[in-house]
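J.: Mind looking over this structure? Questions follow.
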Amino acid sequence: MVDYLIVGLGLAGISFCEVLEQNNKSFKVISDDSQTSSVVAGGLYNPVILKRFTLAWNAKEQLEAAMPFYKGLEQKLQVKLDYKIPILRRFANINEQNLWFEARDKASLGYFLAPKISRYDNPHIQSPFGYGEVLYTGRVDTATLLAHYRTYLQERDLLFEETFHYDALDLGNEYVEYKGIKAKKIVFATGFGMKNNPYFNYLPLNGTKGELLTIDAPALKEEKVIKSSVFIIPLGGDLYRVGATYKWKDKTNLPTQESKRELLQKLDSFLKCPYTVVDHVAGIRPTVSDRKPLVGRHPEQGNMYLLNGLGSRGVIIAPTVSKKLFDFIENDQTMDPEMDLSRFTTKHFRI
Ligand SMILES: Cc1cc2nc3c(=O)[nH]c(=O)nc-3n(C[C@H](O)[C@H](O)[C@H](O)COP(=O)(O)OP(=O)(O)OC[C@H]3O[C@@H](n4cnc5c(N)ncnc54)[C@H](O)[C@@H]3O)c2cc1C
C-alpha cells in the first residue's frame, strides 16, 4: 500500500511528487503521452500580464515558491532547468509607454517593472518606441524537466507509462485500488485529459489550444525574451521559440497550417532578418472558465483529489498549488476558496 497514486506527470504531477517526497510519503505515478502541454510549453515564468500591464493572480507569492522549487530540482536531477532571462515588452506606440509608467506607479507592480524605457537595440527587431523590461523573469526548460523526472521515477520503479482506465478503479473507504496498486489516496493531475475523467468532468475546464514554432535565425543574436504580438524566446545557439496562439475550438494536439501562418505573419511584422522554421508543436492549456486552478477533494469520494487548471502559467503556479493541496489533505489547512474546486460543487452535487 502506498500513500498516494498520482495520475498524470506534467508540471502538476511533478510538483505534487516533489511535495510528497519532501514529506516522506510513498507514491506511484501513472502517466501517458495523451496531453502535451507541459512538454511543448514556452516555459516562461513572468509575474506580469503584458497585454494589460497588470499583476497576475498571486504572482509574487507563486514566484517566491517557484524559484527554490526549480533550483531544488536542478540539484536533485543534476540538470540545468532555470534560465534567468529578462523579458522586454516591445511598445507598439506612445500610449503603451504611458501605460507602462502608470503600471509602475502601482505598489504591487512597480517591483517587477524597470523604471526606464529601454532603447536596447537589436538591428533585426523594429522597435521605434523602445521596450519596458520586466524583472525577475525567466524560462524553465520544461521538456528537459519532464524527460529527467521521468527517468528519475523509472529508476525507482515509481512510474507506469500507460493510460489510466477509470473503469478499472476500485474505490473503498480506506483506500483505492487500481490494477493491483493499493493507495490511500488518488490525485488526478491529467491536465486537459480531465475531460475524460468521469469523476471530475463536470468541472468547467475549457482548454485553450496553443501552438509554437522554433526558428533558426543565425543573424538575430538575441539573448533576451522579446514580447511583441508574439514572444521570441532564445533557446541557445541560433534557435528561438516563437508563439503562442490561443484557440478555443480545436481540442487536438496537432499543429495546424492556419496557426503557423498566424505566427509567421505576426513575427514578420517586427523581425527583420532571415530565418527558417525548424519545429512546430501544439498542446492544450488546462484553462478554467474563471481562470483559477481547480484543486481539492471530490465532493463524494473522500480519498480522491484533483490538481488541475494551471492554465497558461503552469510553471509559476504548479509548486504553490501542489503545496496547498498537500497541506489541505495532510495538515487540515483550508483550501484557498479561489482555487478550491468546491466553488463549482453546489451547481452539480446535492450535498
Ligand atoms: C503552446 C503552449 C505554451 C505554453 N507556454 C507556457 C509558458 O511559457 N509558461 C507557463 O507557465 N505555461 C505555459 N503553458 C501552460 C503550461 O504548459 C500548463 O499550465 C501546464 O503544462 C499544465 O500542466 P499539467 O501537469 O496540469 O498538464 P499536462 O502538461 O497536460 O500533463 C498532464 C499529464 O497527464 C497525462 N494524462 C492525461 N490523461 C491521462 C490518462 N487517462 N492516463 C494517464 N495519463 C494521462 C498526460 O498525457 C500528461 O502527461 C503553455 C502551454 C501551451 C500549450
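Converting from the sequence shown to my numbering requires adding 1225 to each position, the first position being numbered 1.
Note that CB positions come from ideal geometry on N, CA and C, so glycine has one too.
What first and last residue would you give for the alpha helix (DSSP H) that runs through TYR1377?
T.: It spans 1367-1380 - the alpha helix (DSSP H) in which TYR1377 sits, taken as one unbroken run.
J.: Mind checking whether LEU1488 and GLU1436 have CB atoms under 8 Å apart?
T.: A contact, by the Cβ cut-off of 8 Å.
J.: With DSSP run on the structure shown, which of helix, strand or coil describes TYR1427?
T.: Coil.
J.: Starting from ASP1552 and walking both ways along the beta strand (DSSP E), at which residues does that stretch end?
T.: From DSSP, ASP1552 is part of no beta strand (DSSP E) but of the alpha helix (DSSP H) over 1539-1555.
J.: With hydrogens ignored, establish whether the beta-carbon of TYR1229 is closer than 7 Å to any heavy atom of ligand 1.
T.: No, the beta carbon of TYR1229 sits no closer than 7 Å to any heavy atom of ligand 1.
J.: Compute the beta-carbon to beta-carbon distance between VAL1365 and ARG1314, rounded to the nearest angstrom, for a pair I have assumed lies under 8 Å.
T.: Actually they are not in contact, since the Cβ atoms of VAL1365 and ARG1314 sit about 20 Å apart, beyond 8 Å.
J.: Taking ARG1486 as part of the alpha helix (DSSP H), name the residues at either end of that continuous run.
T.: Counting along the chain, the alpha helix (DSSP H) containing ARG1486 begins and ends at 1482-1493.
J.: Go ahead and label TYR1270 buried or exposed: buried means 16 or more other beta carbons lie within 10 angstroms of its beta carbon, across all protein chains shown.
T.: That one is buried.
J.: Just grab the DSSP bridge partners of THR1435 for me.
T.: Note on residue identity: the sequence assigns Gly, not Thr, to residue 1435. In the DSSP output, where bridge partners are listed per residue, GLY1435 has GLY1508.
J.: Taking only heavy atoms of ligand 1 into account, decide whether any of them is closer than 7 Å to the Cβ of GLY1521.
T.: No, Cβ of GLY1521 sits at least 7 Å from all heavy atoms of ligand 1.
J.: Is LEU1438 near ligand 1, in the sense that its beta carbon is under 7 Å from a heavy atom of that ligand?
T.: Checking every heavy atom of ligand 1 against the Cβ of LEU1438, none is found closer than 7 Å.
J.: Roughly how many angstroms separate the alpha carbons of PHE1456 and TYR1530, rounded to a whole number?
T.: PHE1456 and TYR1530: Cα-Cα distance of roughly 35 Å.
J.: Hey, would you say GLY1233 sits closer than 8 Å to THR1367, going by beta carbons?
T.: In this structure, THR1367 does not lie closer than 8 Å to GLY1233 by Cβ.
J.: Taking C-alpha atoms, which residue in PHE1354, HIS1349, SER1333, ILE1350 lies nearest to LYS1341?
T.: Residue PHE1354 is the option with its Cα nearest to LYS1341.
J.: Helix, strand or coil, according to DSSP, for VAL1244 in the structure here?
T.: If DSSP states are grouped into helix, strand and coil, VAL1244 belongs with the helices.
J.: Of all the options THR1433, PHE1241, THR1545, GLU1399, which has the alpha carbon lying nearest to the alpha carbon of GLY1527?
T.: Residue GLU1399 is the option with its Cα nearest to GLY1527.
J.: For the stretch 1472-1483 and the stretch 1503-1522, state whether three or more C-beta atom pairs, one from each stretch, are separated by less than 8 Å.
T.: Contact holds: three or more Cβ-Cβ distances are below 8 Å.
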